[in-house]
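Sequences listed follow chains V and S, in order.
Following our numbering, the numbering of the first sequence begins with 1 at its first residue and continues without gaps.
Following our numbering, the numbering of the second sequence begins with 323 at its first residue and continues without gaps.
For reference, the structure is listed below as structure tokens.
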Amino acid sequence: MKIIIFSNTKNIEKSFAGLAKNKSNVLQISPAAELKKTIKKIPGGSIVYADLSSFRATEAPQALKLLAKLEGSSYGVIDPKGAVTDIGGLFHNGAADYLNAPLLKKGVALKRLEEIIKFKNIQAPDQKLKEFKKDYIPSGNDWKKILVGKEYTFCFMLIELDNKNDLKATGPEQFNRISSAFRQYVEGMVAPLHGKIWIWMDFGGLVLFPFDGKKCEAIETAFRIMLDRKLMSATIVQLDINLSYRIAIHIGNTVYKSKGETGTIISDSINSVFHLGQKYAEPGCFYMTDEAFLQTPAGMMNMFVPAGTYEGRNILRMRKLL
Amino acid sequence: MQIPSSLITLATKALAESMDFNLMTHVAKDIIDGYDVFKRTGFRESMVIPQRDAARQIVQDMAKSGMFFYFIALLIQMQTSGYKGRIYNVSHLKDIIKIISDECGYIYDIENKLFVENPSMRRTRNWGAFLEGRDYIVSFLRLDIVGNSQLVRKYPENLIHATYADLRKMVERAIDKRNGRIWNWEGDGGLVAFYFANKSLLATLSGMEIINELFVYNLLHCRLGEQVQVRVAVNTGLCEYTGDFEELMKNDSIKETVQIESKYTRPNSMTISNTVSSKLDASLLSGFEIVEVDARTKYYGYSINLEK
Chain V
1 MKIIIFSNTK NIEKSFAGLA KNKSNVLQIS PAAELKKTIK KIPGGSIVYA
51 DLSSFRATEA PQALKLLAKL EGSSYGVIDP KGAVTDIGGL FHNGAADYLN
101 APLLKKGVAL KRLEEIIKFK NIQAPDQKLK EFKKDYIPSG NDWKKILVGK
151 EYTFCFMLIE LDNKNDLKAT GPEQFNRISS AFRQYVEGMV APLHGKIWIW
201 MDFGGLVLFP FDGKKCEAIE TAFRIMLDRK LMSATIVQLD INLSYRIAIH
251 IGNTVYKSKG ETGTIISDSI NSVFHLGQKY AEPGCFYMTD EAFLQTPAGM
301 MNMFVPAGTY EGRNILRMRK LL
Chain S
323 MQIPSSLITL ATKALAESMD FNLMTHVAKD IIDGYDVFKR TGFRESMVIP
373 QRDAARQIVQ DMAKSGMFFY FIALLIQMQT SGYKGRIYNV SHLKDIIKII
423 SDECGYIYDI ENKLFVENPS MRRTRNWGAF LEGRDYIVSF LRLDIVGNSQ
473 LVRKYPENLI HATYADLRKM VERAIDKRNG RIWNWEGDGG LVAFYFANKS
523 LLATLSGMEI INELFVYNLL HCRLGEQVQV RVAVNTGLCE YTGDFEELMK
573 NDSIKETVQI ESKYTRPNSM TISNTVSSKL DASLLSGFEI VEVDARTKYY
623 GYSINLEK
């Protein structure tokens, strides 16, 4: 479960350290000023805490109003200075928790989180994952058991170069060189995980990773590809330009067909990952759906921020490289 | 290294067929200062040494003194770029180069005009090419583990060993593909040298890869209860080569690299000197931050900064 805390209080994370005992819990501390900007992008099923002592007296009521309108997630109020006079009123307005100074000192335990989940009838990530898994037809760790014409669950990675016009303007020869070097680089990165380029167009393509229903290492690889942008540009392009590209990852089902024979496939998963990558994604960014995020290694979860919902799915984005 | 007798024979033949006595002695003197073929063969100076005998003696002496590959590299240059203003056609050069590659595992590096070991066959500290006491322009990458002493005190020895071995593997992966060589590795870091191709670029890319890989390692794979932090510095400069590491560390370029690392580099970042940045494309430098050293000198820093 994602627990997002909007607070400027030093060491606030210590009060929530007990929640990290469950590795599926991800703690994100954001400055209080971010609440207004990011509240609409918070993924469903999260718990949001707002530290009232980090807001000016005039801002606090507005923050509480915003929290009361939160859809799909629950919220709690942190009140170390005991500023709230009507605690019951908070709960009437939909709050799920209230933490005063003694409770903060004691620390928030896992049991408290479980009680909130029960109280607010929240769908925890474990439950969500269970629900996703109902539809999974694991394809395994490699391609050995995958048969043409049968349906399986795969991890889909769409990767595509940005600045299409600028790249085309380098001339056909130069552009072909960049495109094929980029393809070669992607192939080299995904091959150790049995990733296969399934569809390739001029600017990028769709990579398919077999998925065993347990872990998805493609997310770590995509993360590396984003980090290595400059390194890759200097290594493969050998022109004085920085390549920019976007990545979208989704886990879902499709009938497997051989490369080149994919034109007739009707798959919600393929559509979703193409739409996410080509229509929703900002240039130079890495996005994924909730289905994929639930497979993200715990240590990496904090590297992603909520990026709204798209086509009925919660979307997360890797923090931008500055 | 032992030069195969077939190679000695072929090089002797090439020398004897391609140049007269005077020219071959000039060439020999260029490689071994004060070389005296009369003394070496036992002929008196008033006598004429048969061309083939002189050639045999010169080639054998080159092999004995460890200068055989330098000698062949000079013959290649005589045929390609010329010697004292003239191009010479040297027989059997292609065959000689092939034997050197197949039997000795050395390949000719056109850019630096010398034979170097084939990295797929052998990897020694000086690429099999550097000679003791000679000057070379080398790019250095210095890496230091931040807070090594505290880590060593805080964690059990086996955990520290395993963590540092992970880091060393990370460094090796980054430098091996770019033909870099570890010149020194101690518990808390090391020194890597690059000599071939665009060495400044290769050293910089290696440093970037180390910083990137360490970032992912700290997120997902670190064995310690905290991040492993490093400082990386890259610098290019003149270096008089010696196999003695203590002597090597007295070299000004290496001392400067160490200073850049310790004085101008933040944890988990890399700083490159101006001798390095001047060899890089503007696009690569665009994301680097400027590190002001003084009014005339600026370095560049690389680190991973993600939005908060």
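For each residue, glycine too, the CB sits at the ideal point set by N, CA and C.
Taking the Cα positions, S:F516 is about 16 Å away from V:T235. For the stretch 51-95 of chain V, the continuous beta strand (DSSP E) assignments of 3+ residues that do not extend past its boundaries occur at 74-79, in sequence order. At a Cβ-Cβ threshold of 8 Å, V:F211 and V:F154 count as neighbours.
Going by beta carbons, V:L129 and V:L294 fall inside the 8 Å limit. Contact check between the stretch 553-573 of chain S and the stretch 457-477 of chain S: three or more CB pairs, one atom from each, fall below 8 Å, which counts as touching. Residues of the same chain with a CB within less than 7 Å of the CB of S:N470, apart from the 5 flanking positions on each side, are G509, D510 in chain order. For V:A307, there is no enclosing alpha helix (DSSP H); the enclosing beta strand (DSSP E) has its first and last residue at 304-310. Fully enclosed alpha helix (DSSP H) runs of no fewer than 4 residues occupy 415-421 of the stretch 408-460 of chain S, in order along the chain.
Residue-level contact check: V:T9 does not touch chain S, since none of the beta carbons of chain S fall below 8 Å from its beta carbon. A direct Cα-Cα distance of roughly 45 Å separates V:K133 from S:Q472. Near chain V, meaning a CB-to-CB distance below 8 Å, no residue of the stretch 385-415 of chain S qualifies. Going by DSSP, S:A555 is part of no alpha helix (DSSP H) but of the beta strand (DSSP E) stretching over 552-562. Under the Cβ distance rule, V:F16 does not count among the residues neighbouring chain S, no pair being separated by less than 8 Å.
The beta carbon of S:M530 sits closer than 8 Å to those of M592, Y624, all from its chain and outside the five residues before and after it, given in chain order. When the beta-carbon positions are compared, V:A248 and V:M288 come within less than 8 Å of each other.
V:R112 has a beta carbon lying at 8 Å or more from every beta carbon in chain S. With a threshold of 8 Å between beta carbons, V:K320 makes contact with chain S.
Within the stretch 574-606 of chain S, the residues whose Cβ lies closer than 9 Å to any Cβ of chain V are, in chain order, L602, D603, A604, S605, L606. C-alpha of V:Y152 to C-alpha of V:D135: approximately 10 Å in a straight line. Taken through DSSP and simplified to helix, strand or coil, S:V613 comes out as strand. As DSSP reads the structure, V:C155 sits in a beta bridge with V:F209, V:I251. Taking C-beta atoms as the reference points, S:N590 and S:V538 fail to come closer than 8 Å.
Secondary structure at V:P172: helix, using DSSP grouped into helix, strand and coil. With respect to the C-alpha of S:E629, the residue from V:V237, V:K320, V:L206, V:Y245 having the closest C-alpha is V:K320. Rounded to the nearest whole angstrom, the CA to CA distance from V:K168 to V:I270 is 26 Å. By a beta-carbon distance limit of 8 Å, V:V108 contacts V:S15. Their separation comes to about 6 Å. V:K106 sits in a helix when the DSSP states are folded into three classes. Cβ proximity to chain V below 8 Å picks out I626, N627 from the stretch 613-627 of chain S. Nearest in C-alpha terms to V:S46, of all of V:G76, V:I199, V:S7, is V:G76.
For S:V474, the enclosing alpha helix (DSSP H) starts and ends at 470-476. Each residue's CA atom was taken as its position, placing V:K36 and V:I146 some 47 Å apart. In this structure V:R317 is buried. Its beta-carbon is surrounded by 16 or more other beta-carbon atoms within 10 angstroms.
In the structure shown, the three-state DSSP call for S:S522 is helix. Of all residues in the stretch 508-531 of chain S, the ones placed with a Cβ closer than 9 Å to any Cβ belonging to chain V are L523, T526, L527, M530, E531, in chain order. Put simply, the CB of S:N534 is near chain V, with a gap under 8 Å to one of its CB atoms. Taking a beta-carbon distance threshold of 8 Å, V:P283 does not count as an interface residue toward chain S.
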